Amino acid sequence: MFEFLLNPVYQGWLIQGLLLTVEITLFGVLIGLGLGTLLAIGDIYGKKPLKAAIALYVEIFRGSPLFVQLFLAVYTVPAILNIQIDHGVLAFLVFGLNSAGYQKGYMKGAMETILDDQMQAGQSVGMSKVQTLRHVILPQAYRIVIPSWTNEFCSLTKSTATLAFVGFLDLVGAGRSILINNMQILPVWIVVGLIYLAWITGFSKIMDIIYEKKKIPGIELFMQS
Amino acid sequence: MADFVMEAKHVYKTYGYKKTKLEKNPNQQNCVNAASIVEAVKDVSIKIKKGDIKLIFGPSGSGKSTFLRCMAMLEIPDKGEIYLGDECLTKPGVDLNKARARIGFVFQHIYLFRHLTALGNVELALRQVLKLPKEEARKRALAALAEVKVLDCINKYPSQMSGGQAQRVGIARAIARNPDIILLDEPTSALDPELTGEVIDTLRDLAREGTTMLIVSHEMPFAREVADEMIFYDEGTIVETGPPSLFFNAPNTDRAKKFMTRIINRTTKE
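Residue numbers (this note's numbering), protein chains in the order written: chain A, 2 to 226; chain B, 2 to 271.
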């Protein structure tokens, strides 16, 4: 039933698909974290027009399907602007921008639980708001946000399946290509599913360990209050 | 050279006043709900010389803490002036971060940086604000921690310390920069009674060294011992000032008299 796994060509497709999925997820989550942090700061400290722009951004990227965003970015936008951009770059970008829409919320939530007293403490020793953000608020917020971030990672990894529909050979793309050749629907999707499962479980476990190691001592007590 | 380390002139701070709304619609008086306005600081002036120890006390909710936070410009007064030496901090365009670097502040609820150890808490401003090199910052942080006698928990995080230890680290964080003055906002009132002693001992040491301090506190025996001047604060303003002997014997105002009686009764009962 699973003898297709011995075929070196299929093996190559699956490995290539996994690599693309991994790359694009990690990249997307990281862009999302950076941009999400900036959006969160903008939303907390910005003036009304900036807040409104950020809210609009979040609603667009959270409210529409990733597949539609990807399709527009890869086919429509370059055509309208009449420019040629590498599809890979566009796909990376869409995943980053999309993830930022979600991660802004996680970061804002984490920052708001600590902002009040820690900002005062930072300013009381002569640090500026920016310095306090950098040395006090963000280091704490990042540690608090790790579990939400792990969730975002899991969800984004599975969203990469949409890549197959705009012509990339991600894991689902690899599965489809194998299917076309061998017609073994169930075994192929079981294998693809297991690869996702293994990668996500492994990565989440690593993140759990990092969370426990980096956790601010006593933060549970604080978050309850 | 200014005569005073710090000075407040006719400072006002009000909460719940919807200024913007009123300015936009001056005719809509009902925008402001009178009950929601809290006049925490009403025309408060104070002068502090080098080496002074002044103690502000009064009923809770009277605005003492707000006034202290205005002194540190952690809250911006609505009206009035705050001077740090010669520099007027309430003028627009003043670098408040620089000014705050010269003021130590100790919070009622301690507010240590939760992700840093005791040592990290004290070091951070030395590195980031005074821009000291690593070794120098460490040396000064350790000296400050030694001064408040918490060298045994320099590697502990805030949640791993007792309240008394944490507050002493808070004091170390405030004094490590050698500020011109230290403002302390009820430094013992959030602590278990058996832990207040160690913090008071630390403050007593600072007093002995001639540290300039403005303290909001109800630790009366301590006040009697170290304060140069006591300030009775009620309903957003200074009601009466004088040496501890005045308050412990015969305050001039009824309000101060009543308050002293209540607080002394409470202390002796304990």
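Note that the Cβ used here is the ideal one computed from N, Cα and C, for glycine as well. Here the structure is a predicted model, which is why all the values come from computation and not from measurement.
Residue of A:Ile86, A:Arg63, A:Gln12, A:Gln121 minimising C-alpha distance to B:Cys71:
As a working note, residue 71 of chain B is residue 70 in the second sequence. If we check each option's Cα against that of B:Cys71, A:Gln121 comes out closest.
With three or more C-beta pairs closer than 8 Å as the rule, is the region 76 to 96 of chain A touching the region 60 to 71 of chain B?
Taking 8 Å as the limit for Cβ pairs, the verdict is that the region 76 to 96 of chain A does not touch the region 60 to 71 of chain B.
Three-state secondary structure (DSSP) at B:Phe260?
Your numbering for residue 260 of chain B matches position 259 in the second sequence. Here B:Phe260 sits in helix by DSSP.
Who pairs with A:Ala122 in a beta bridge, going by DSSP?
Against the first sequence, residue 122 of chain A aligns to sequence position 121. According to DSSP, which records beta bridges pairwise, A:Ala122 is partnered with nothing at all.
Cβ separation of B:Arg304 and B:Lys150, assumed to be a contact under 8 Å, to the nearest whole Å:
Examination of residue 304 of chain B is not possible in this model, given that chain B is present from 2 through 271 alone.
By the 8 Å beta-carbon criterion, what residues does the region 69 to 89 of chain B contribute toward chain A?
If the cut-off is 8 Å between Cβ atoms, the region 69 to 89 of chain B has Ala73, Leu75 near chain A.
Is A:Pro9 close to chain B? Criterion is C-beta to C-beta, closer than 7 Å.
One-based indexing of the first sequence puts residue 9 of chain A at position 8. Cβ-Cβ to chain B under 7 Å: no for A:Pro9.
Find the nearest neighbour of B:Glu187 within the set B:Lys10, B:Glu40, B:Met261, B:Lys55, judged by alpha-carbon distance.
In the second sequence, residue 187 of chain B corresponds to position 186, counting from 1. Out of B:Lys10, B:Glu40, B:Met261, B:Lys55, B:Lys55 has the C-alpha closest to the C-alpha of B:Glu187.
Can you give me the Cβ contacts of B:Lys80 inside the same chain, cut-off strictly under 6 Å, excluding the 5 residues immediately before and after it?
As a first step, residue 80 of chain B must be located in the second sequence, where it is residue number 79. Tyr13, listed in sequence order.
For chain B, find out if any of its Cβ atoms is closer than 7 Å to the Cβ of A:Gly102; answer yes or no.
As a first step, residue 102 of chain A must be located in the first sequence, where it is residue number 101. No, A:Gly102 lies away from the interface with chain B (no Cβ there is under 7 Å from its Cβ).
Where B:Lys25 sits in the DSSP three-state scheme
The sequence position of residue 25 of chain B within the second sequence is 24, counting from 1. Only weak support exists for where B:Lys25 lies, its pLDDT of 49 falling under 50; the coordinates are left without a value.
Nearest residue (CA-CA) to B:Lys258, options B:Arg267, B:Ile239, B:Thr238, B:Phe233:
On the second sequence, residue 258 of chain B is found 257 positions in, with the first residue counted as 1. The shortest Cα separation from B:Lys258 among B:Arg267, B:Ile239, B:Thr238, B:Phe233 belongs to B:Phe233.
Where A:Val95 and A:Ile42 are concerned, what is the direct C-alpha to C-alpha distance, given to the nearest angstrom?
For the purposes of this step, residue 95 of chain A is taken as residue 94 along the first sequence, with counting starting at 1. For the purposes of this step, residue 42 of chain A is taken as residue 41 along the first sequence, with counting starting at 1. When only Cα atoms are considered, A:Val95 and A:Ile42 end up about 21 Å apart.
Taking buried to mean at least 16 other C-beta atoms within 10 Å of its own C-beta, is A:Leu31 buried or exposed?
Counting from 1 along the first sequence, the entry for residue 31 of chain A is found at position 30. Around the C-beta of A:Leu31, fewer than 16 other C-beta atoms lie within 10 Å, and the residue is accordingly described as exposed.
Hey, is the region 148 to 166 of chain A in contact with the region 95 to 112 of chain A, meaning 3+ C-beta pairs nearer than 8 Å?
Output reads yes: the region 95 to 112 of chain A touches the region 148 to 166 of chain A.
Distance, Cα to Cα, B:Val95 vs A:Leu82?
One-based indexing of the second sequence puts residue 95 of chain B at position 94. One-based indexing of the first sequence puts residue 82 of chain A at position 81. Roughly 48 Å between the two C-alpha positions.
As assigned by DSSP and simplified to three states, the class of B:Ile111:
Along the second sequence, read from residue 1 onward, the residue named residue 111 of chain B stands at position 110. B:Ile111 falls in the coil class under three-state DSSP.
Given that A:Ser149 touches chain D, what residues does it touch there, using C-beta distances under 8 Å?
Although the question refers to chain D, the structure presented lacks it and instead comprises the protein chains A and B.
Check this for me: beta carbons of A:Gln124 and B:His116, under 7 Å apart or not?
By one-based count along the first sequence, residue 124 of chain A stands at place 123. By one-based count along the second sequence, residue 116 of chain B stands at place 115. Cβ atoms of A:Gln124 and B:His116: not closer than 7 Å.
On a CA-only basis, which of B:Asp202, B:Thr254, B:Ala102, B:Pro159 is nearest A:Pro218? Give me that one, please.
If you number the first sequence from 1, residue 218 of chain A lands on position 217. That would be B:Pro159, whose Cα lies nearest to the Cα of A:Pro218.
Could you tell me which of B:Val42, B:Phe58, B:Tyr16 sits nearest to B:Ile265, measuring between CA atoms?
Locating residue 265 of chain B in the second sequence gives position 264, where the first residue counts as 1. For B:Ile265, the nearest C-alpha among the options comes from B:Phe58.
I want to verify the contact list: residues of chain B whose CB lies under 9 Å from the CB of A:Met128, in sequence order.
What you label residue 128 of chain A is simply residue 127 of the first sequence in a count that begins at 1. Here the neighbours are Asn98, Arg101, Ala102, Leu125, Ala126, Gln129, Val130.
Taking only beta-carbon atoms, is B:Ser218 less than 7 Å away from chain A?
The residue given as residue 218 of chain B occupies position 217 in the second sequence. It does not; no Cβ of chain A falls within 7 Å.
Tell me the DSSP secondary structure of A:Phe5 in three-state form.
In the first sequence, the residue the question calls residue 5 of chain A occupies position 4. In this structure, A:Phe5 counts as helix in the three-state DSSP scheme.
Return no unless some Cβ of chain B is closer than 7 Å to the Cβ of A:Asp118.
As a working note, residue 118 of chain A is residue 117 in the first sequence. With 7 Å as the cut-off, A:Asp118 counts as an interface residue toward chain B.
Can you tell me whether B:Arg205 is buried or exposed? The criterion is at least 16 other CB atoms within 10 Å of its CB, across all chains shown.
Taking the second sequence and counting its residues from 1, one reaches residue 205 of chain B at position 204. Here B:Arg205 is exposed. Its C-beta has fewer than 16 other C-beta atoms within 10 Å.
Please decide whether B:Phe248 counts as near chain A, where near means a Cβ-Cβ distance under 7 Å.
Translated into positions along the second sequence, residue 248 of chain B becomes position 247. Cβ-Cβ to chain A under 7 Å: no for B:Phe248.
For B:Gln161, which residues in chain A fall below 8 Å Cβ to Cβ?
Within the second sequence, numbered from 1, the residue matching residue 161 of chain B stands at position 160. Within 8 Å Cβ-Cβ: Pro218, Gly219.
Identify which residue in A:Ile145, A:Ala56, A:Thr161 has its Cα closest to the Cα of A:Lys230.
Summary: the structure shown does not reach residue 230 of chain A, with chain A confined to residues 2 through 226, and so no result is reported for it.
If you follow the beta strand (DSSP E) that A:Ile86 is part of, which residue opens it and which one closes it?
Counted from its first residue, the first sequence places residue 86 of chain A at position 85. Element bounds for A:Ile86: n/a, residue is neither H nor E.
Give me the chain B residues within the contact set of A:Ser125, using Cβ-Cβ distance strictly less than 7 Å, ordered along the chain.
What you label residue 125 of chain A is simply residue 124 of the first sequence in a count that begins at 1. Per Cβ cutoff of 7 Å: Ala73, Leu75, Arg101, Phe106.
Taking all protein chains shown into account, decide if B:Ala41 is buried (16 or more other Cβ within 10 angstroms of its Cβ) or exposed.
Counting from one through the second sequence, the residue named residue 41 of chain B turns up at place 40. It is buried - the Cβ of B:Ala41 has at least 16 other Cβ atoms within 10 Å.
On the three-state DSSP scale, how would you describe A:Tyr107?
Translated into positions along the first sequence, residue 107 of chain A becomes position 106. Residue state, collapsed to three classes: helix.
Just how far apart, CA to CA, sit B:Ile176 and B:Gly237?
Along the second sequence, read from residue 1 onward, the residue named residue 176 of chain B stands at position 175. Along the second sequence, read from residue 1 onward, the residue named residue 237 of chain B stands at position 236. Each residue's alpha carbon lies about 28 Å from the other.
Is there a Cβ of chain B sitting closer than 7 Å to that of A:Pro50, yes or no?
Mapped onto the first sequence, residue 50 of chain A falls at position 49. Not an interface residue.
If you reduce the DSSP assignment to three classes, tell me which class A:Met184 lands in.
On the first sequence, residue 184 of chain A is found 183 positions in, with the first residue counted as 1. Coil.
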